Every structure is written in C-alpha cells, then in structure tokens.
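Worksheet: the structure to be examined is printed underneath.
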Amino acid sequence: MLGEKDLIGFSIIEDYERQYDSHPSFFHVLGHMGYLNQSDTDYFLQRLINTIQSYGEKSANQD
147 MLGEKDLIGF
157 SIIEDYERQY
167 DSHPSFFHVL
177 GHMGYLNQSD
187 TDYFLQRLIN
197 TIQSYGEKSA
207 NQD
C-alpha cells in the first residue's frame, strides 16, 4: 500500500468542477505553480477580498 508521500505528481479528481468568478481562471494555476508575484497579488487583493466576503454573505443567507 502506498501513502501520499510515496507518490510523485498529482491526482485529478474528475467529478470536481471549480467555479471561477470573473477573474481569469489561469491565475489559479499560475498561483499553484508559483508564477504570481507580489505586484499580481497587490493588484488582485481587493477583488479577492470582495469575492471572499460575497461568499460569506451568501453562506450566511442560506442558514
């Protein structure tokens, strides 16, 4: 039996569908690859904060 530490690479969850907002989805991939720099983060910070807050409001309204 192999544990995660014994595997090299990554796995794909085929039935998972990520929902993206109006920002380009490739930023998600670039972030995981380490290609986003501080100026990118600074530029998108307020949009990220607004998105997180809107999800929090949607979640609170569902309860």
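Following the numbering used here, the residues of the sequence shown are numbered contiguously, the last one being 209. We put the CB at the ideal spot given by N, CA and C, even for glycine. Bear in mind the structure is a predicted one, so any value in this text is a computation, not a measurement.
1) Once DSSP output is grouped into helix, strand and coil, what is the label at glutamate 160?
2) Can you give me the C-alpha to C-alpha distance between glutamine 184 and glutamine 199, rounded to a whole angstrom?
3) So for glycine 180, helix, strand or coil by DSSP?
With the structure as the only source:
1) coil
2) 22 Å
3) coil
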